[in-house]
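Per our numbering, the very first residue in the sequence shown carries number 16; after that it's consecutive. Have a look at the structure below before the remarks.
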Amino acid sequence: MKYCLAQPEDAAIVHDLMLQAFSVYRDSVPPSSALDETIESIMQSLKHGKEAVILYVENKPVAMARFTLEETSLYFYRLSVIPTFQGKGMAKQLIQWLETYAKECGKESLSCKVRMSVSRNIALYESIGFYIEEKEIVHRDGVDIPVVNMKKEILKGVMA
16 MKYCLAQPED
26 AAIVHDLMLQ
36 AFSVYRDSVP
46 PSSALDETIE
56 SIMQSLKHGK
66 EAVILYVENK
76 PVAMARFTLE
86 ETSLYFYRLS
96 VIPTFQGKGM
106 AKQLIQWLET
116 YAKECGKESL
126 SCKVRMSVSR
136 NIALYESIGF
146 YIEEKEIVHR
156 DGVDIPVVNM
166 KKEILKGVMA
């Protein structure tokens, strides 16, 4: 396995991995906004401070996560594992990489948002030390989407 920080020219790879992984949410109400993103929008986000990590297995991209470094936390989103590699620990591997990266950057926690209707993902994050910090309603396309904000403390007691 190899992890690579994505460059803007990797936007097509990030986009492809995301579409493969998020295709299961096509029939959700509303469908995941990940399905509306374009290669160009991803490229622009990578050029303007957003980041992504791509996980390669035998030189084939199989998973990725997009993220941003906030003041005290690494916030990740769009964690994507292609269907043929789901259930094989790739998401946990990516999150472990993100945790290590966050520590190296002096961040105190990891955070993400998860639709409450996707209990499988909530259970995955809870199994590796995340907890539900708060619940909220996101309004998109005239629909209320219940989500949970999840957090994992990684550097307790670190002095600034």
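Backbone N, C-alpha and C fix where the C-beta goes; we use that ideal spot for every residue, glycine too. Bear in mind that the values here come from a model prediction, so they are computed numbers and not experimental data.
Sequence-distant residues of the same chain with beta carbon closer than 8 Å to residue i, five excluded per side
i, result
"C120", "L84, L89"
"I169", "E114, A117, K118, K122, E123, S124, L125"
"D31", "P76"
"S60", "R81"
Coil, strand or helix - residue i by DSSP
i, result
"E73", "coil"
"D156", "coil"
"K107", "helix"
"L170", "coil"
"E24", "helix"
Pair within 8 Å by beta-carbon distance, residue i and residue j
i, j, result
"M131", "V158", "no"
"C19", "I69", "yes"
"V133", "Y140", "no"
Neighbourhood of residue i by C-beta distance below 6 Å, restricted to the same chain and skipping five residues each side
i, result
"A67", "A21, V29, M79, R81"
"M58", "P23, A26"
"L91", "Residue identity check: residue 91 is Phe in the sequence provided, not Leu. Around F91: A80, F82, L113, C127."
Pick from the options that is closest to residue i, judged by C-alpha positions
i, options, result
"N74", "K17, K103, L61", "K17"
"K150", "D156, I160, S142", "I160"
"M165", "A138, S56, D156, E86", "A138"
Close-in-space but distant-in-sequence residues of the same chain around residue i (CB under 7 Å, 5 per side omitted)
i, result
"I54", "A26, A27, H30"
"K107", "I143"
Residue ranges of each beta strand (DSSP E) within the region 51-105, 3 or longer: 66-72, 75-84, 88-96
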